Structures are given as C-alpha cells and as structure tokens.
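Have a look at the structure below, then the notes.
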Amino acid sequence: MKRIILTGGGTAGHVTPNIALLPRLKELGYDIHYIGSYDGIEKKLIEELHIPYYAISSGKLRRYFDVKNFTDPFKVLKGYVQAKKLMKTLKPDVVFSKGGFVSVPVVLAAKHRHVPVIIHESDMTPGLANKLALPSATKVCCNFPETISHLPEGKAVLTGSPIRQELLHGDRNAALSFCGFTPDKPVLLIIGGSLGSVAVNNAVREILPELLKTFQVIHLCGKGKIEPSLEGTQGYVQYEYIKDELADLFALTDVCISRAGANAICELLALRKPALLIPLSANASRGDQILNADSFKRQGFSEVLTEEELNPSLLLETIQKLYSNRNTYIHAMENSQQSDGISSVIQLINEASHLNG
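The opening residue of the sequence shown carries number 1 in the numbering used here; numbering runs sequentially from there.
Right, here's the structure in full:
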C-alpha cells in the first residue's frame with residue numbers, strides 16, 4: 001500500500017482540491033494522511049472526513065511590515081521540525097501540496113527525507129508559499145497555460161484543478177423544486193464568494209427588474225447580505241450560502257456571474273458554465289483574480305468586467321451577450337485540456353510514488 005501525505009491550508013481554496021482527490025486515492029488503495037495547521041479551516045474539513053490529521057506550527061510570511069514578522073519565522077521553523085518528525089514516522093511515498101503557508105515546512109521536510117513532492121499552483125502566478133516550495137518539488141501542476149512560463153523548466157504540467165465530482169451530478173428537477181422556478185425560462189446564477197461581494201450584489205439588484213424579463217435568478221449573496229425587501233420576488237431567490245444543493249443549482253444554471261478565484265472558475269470550466277467574471281480588485285488582493293479572469297477570457301470561456309467598470313447598462317448588456325453566445329463559450333470549454341484535473345494530478349502522484357518505490 002502506497003502512503004500519501006496531503007497538505008495545504010489557510011483558505012478553503014487550499015483544501016477543497018485535496019478533498020476532491022480523496023475518492024480516487026482511496027480507490028487506488030492509498031493510505032492517506034493530512035498535515036495542516038492547528039486552527040485553520042483545513043482541520044475541520046479534513047477531520048469531518050475521518051482522515052488522520054496532524055497539526056503543526058504555522059506562520060505567515062508577509063511582504064509588508066508587521067510586528068508578527070519577528071515571531072512567525074520561529075513558528076515556521078518549529079513547523080519544519082514537527083514536519084520532519086512526521087516524515088520520519090509516517091514514511092510517505094509521496095507528498096501532494098495545495099499551498100498555503102502551512103505547506104512550506106511540510107514540503108521542505110519531504111525534500112529533506114527524499115520524498116517526491118507534487119505541488120499544485122491554482123493562480124496564474126505562484127504565491128509566496130509556493131515560490132518558497134518550488135525548488136523542492138518534483139512536479140508543479142497548474143491551471144493556466146500562461147503559468148508554465150512562471151515555473152521551473154521541466155517541472156510544470158498543465159492539469160487544471162481537481163474538482164469535487166459530486167458537482168458534476170446535480171439534479172435539475174430537484175433545483176427547480178428547491179427554488180420554486182418554472183422549467184421554461186433560463187436561469188442566471190450569481191456567486192459572490194463566501195463573504196459575498198457588496199459591489200456585485202448591489203449591481204445585480206439594481207438591474208433585477210430587467211434581468212427578470214429574461215431570466216430566473218439565483219443569488220448566492222453571502223453571510224448577512226440578504227435583501228429583505230426582495231424576499232418573495234417572483235423568479236428571484238437569494239441565499240447567504242448553499243452547500244448540499246449546490247450541484248443541483250449548477251445543473252439548473254444556464255449562465256453565471258462569479259468572482260474569479262481559481263477553484264471557482266475551474267469548477268465553472270468543468271461544468272461548462274459560461275460566466276461573467278468580476279474579479280476582486282487589485283486593491284483588495286494581490287491581483288491574481290484579475291489575471292485568472294483575463295486568461296479565461298483569452299481562452300474563450302468567459303466574459304470579464306472589472307469592479308470599476310460595473311454600471312447597470314454595461315452589466316445587463318454583458319449578461320445578455322453571454323447568454324446569446326453561450327454555445328460558443330461551451331464549445332471552447334469542451335475543447336480545453338484543463339477540465340479533468342483529477343485524472344491528470346493522480347497520474348503525476350502515481351508516477352512520483354513509484355519513483356520512490
């Protein structure tokens with residue numbers, strides 16, 4: 001039996017692709033273990049799945065001044081010592097890292113023990129954690145063709161992102177019933193991210209009367225972002241957050257409006273859902289969502305509007321264009337190399353684990 005250590009944490013985006021790999025890894029008989037932080041989101045998500053979980057010390061490495069910059073390097077060093085002990089105890093055949101700062105000591109410890117490491121970089125350009133881990137990697141998976149030029153020669157592989165397979169098997173009729181919609185009118189799904197986007201929410205609600213002439217609208221607006229005055233509007237439903245019914249809602253959806261986080265847009269690609277992407281502005285992030293969105297537009301998968309461009313008439317015009325030309329976007333997505341991330345990543349894991357066998 002081959003043993004694999006998965007690592008990654010800090011945000012859901014550093015955990016859900018690992019979770020997507022679990023069914024296939026179990027099918028192949030891997031003994032699966034997970035190394036994460038003491039209190040990151042990954043701990044709860046992984047322990048719920050009854051995967052052995054090992055917590056190590058983790059510090060954030062910042063590019064800006066913060067008093068924690070003086071203490072966090074010691075946390076990283078402690079995490080490295082803990083990870084080395086775990087490598088010695090668990091003796092994995094391969095490590096798969098989804099990034100985040102907790103993964104850095106794990107990857108370095110694996111290199112120290114001569115354990116092959118596969119890294120996955122979701123965004124167009126590597127974040128700081130993955131930059132530090134790259135020299136220790138055997139192979140680096142990526143989501144965008146443009147990323148290959150930012151990675152060490154000979155290591156980069158365009159795989160796309162591992163997508164939770166349950167998302168591909170939604171029930172359209174269940175969603176019709178859940179939303180109280182009719183089957184004869186197209187559906188627009190708005191996904192504002194887990195926290196909800198005030199800018200996107202406000203822009204959509206401003207043109208809602210016009211949208212409802214063409215579409216039924218499902219609005220995932222984020223925690224605390226429900227608009228009470230719109231409750232009961234015919235053809236419009238709003239939810240703070242959806243978990244169990246998400247696959248059904250996707251099955252019902254014709255076109256989407258979404259942020260441009262790497263995992264979110266890779267799910268839209270796998271599901272062949274034409275989307276209008278509204279990336280987080282560079283003021284609110286390191287600008288990776290803007291690059292992600294531009295790549296998807298170049299490849300013909302999506303339309304893009306920046307937050308600064310958002311105005312009612314342009315938003316409505318772009319949504320209508322997206323719907324009218326939806327088959328063009330779907331055709332481009334069907335011809336993409338990036339939509340079967342699980343098979344591509346598992347193949348690299350198998351090759352690396354046999355290298356170590």
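We put the CB at the ideal spot given by N, CA and C, even for glycine.
Computed from a predicted structure; not experimentally measured.
State the beta-bridge partners of GLY36 as determined by DSSP. ALA55
Reducing DSSP to helix, strand and coil, say where GLN289 ends up. helix
Report the rounded CA-to-CA distance for LEU316 versus PRO52, giving the unit in angstroms. Going from the Cα of LEU316 to the Cα of PRO52 covers about 48 Å.
Which residues in the same chain as VAL204 place their Cβ atom closer than 8 Å to its Cβ, once the five residues preceding and following it in sequence are excluded? ILE190, LEU211, VAL217, HIS219, ILE257, LEU315
Quick check on this structure: which residue in THR159, ILE118, ILE56, GLY232 has the alpha carbon closest to the alpha carbon of LEU355? ILE118
DSSP on LYS364, reduced to helix/strand/coil? Lying outside 1 to 357, the shown extent of the chain, residue 364 is not represented and no answer is given.
Can you grab the Cα-Cα spacing for the pair ALA352 / LEU6, in whole Å? 14 Å
Would DSSP call GLN320 helix, strand or coil? helix
For LEU25, the first and last residue of its enclosing beta strand (DSSP E): For LEU25, there is no enclosing beta strand (DSSP E); the enclosing alpha helix (DSSP H) has its first and last residue at 16-27.
Buried/exposed call for SER343, threshold 16 Cβ in 10 Å: Exposed.
If you draw a straight line from the alpha carbon of TYR38 to that of LEU252, how long is it in whole angstroms? 39 Å
Straight-line CA distance for VAL107 to VAL304? 35 Å
To the nearest angstrom, report how far apart VAL200 and GLU206 are at their CA atoms. 10 Å
Neighbour-count burial assignment, ASN130, 16 or more Cβ in a 10 Å radius: buried
Measure the CB-CB distance between ILE163 and CYS266 and report whether it falls below 8 Å. With a cutoff of 8 Å on beta-carbon distance, ILE163 and CYS266 are scored as near each other.
With distances taken between CB atoms, is the gap from PRO186 to THR214 smaller than 8 Å? Yes, Cβ-Cβ distance for PRO186 and THR214 is below 8 Å.
Let me check understanding here. Comparing Cα to Cα, which of PRO135, LEU280, LEU158, LEU249 lies closest to VAL198? With respect to the C-alpha of VAL198, the residue from PRO135, LEU280, LEU158, LEU249 having the closest C-alpha is LEU280.
Put CYS221 into one of helix, strand or coil per three-state DSSP. Per DSSP, reduced to three states, the secondary structure at CYS221 is coil, with no helix or strand assignment.
Which partner residues does GLU231 have in the DSSP bridge list? When DSSP reads this structure, GLU231 sits in no beta bridge, so it has no partner.
Given 8 Å, three or more beta-carbon pairs between the segment 294-301 and the segment 319-326: no
Measure how close the beta-carbons of ARG3 and TYR30 come, nearest whole angstrom, since I'm counting them as under 8 Å. 7 Å
Name the residue from ALA133, GLU146, LEU268, ILE349 whose alpha carbon lies nearest to the alpha carbon of ALA332. LEU268
Pairwise C-alpha distance: PHE101 and ARG172: Approximately 39 Å between the Cα atoms of the pair.
If you run the structure through DSSP and keep just helix, strand and coil, what is LYS243? coil
Contact check, ALA20 vs ILE41, beta carbons under 8 Å: no
Among PHE250, LEU167, LEU49, which one has its Cα closest to the Cα of ILE32? LEU49
If you measure between the beta carbons of SER57 and LYS43, is that distance less than 8 Å? no
For a test of the three-state rule: what should DSSP assign to LYS75, helix, strand or coil? helix
Considering Cα atoms alone, identify which of ILE319, PHE178, LEU271 is closest to ASP244. PHE178
6 Å CB neighbourhood of LYS223 in its chain, flanking five on each side removed: GLU240
Give the DSSP-derived three-state secondary structure of ARG205 in the structure shown. helix
Given a cut-off of 8 Å, decide if GLN337 and LEU151 are closer than it, judged by their beta-carbon atoms. no
Can you give the beta carbon distance from LYS84 to ALA109, rounded, assuming they're within the 8 Å contact cut? 4 Å
Could you tell me the distance, in whole angstroms, from the CA atom of MET124 to the CA atom of LEU348? Pairing MET124 with LEU348, the inter-Cα distance amounts to about 20 Å.
Quick one, are the C-beta atoms of THR16 and ASN263 less than 8 Å apart? yes
Please specify which runs of the beta strand (DSSP E), each continuous and at least 3 residues long, are wholly inside the segment 136-164, giving them in chain order. 139-142, 156-158
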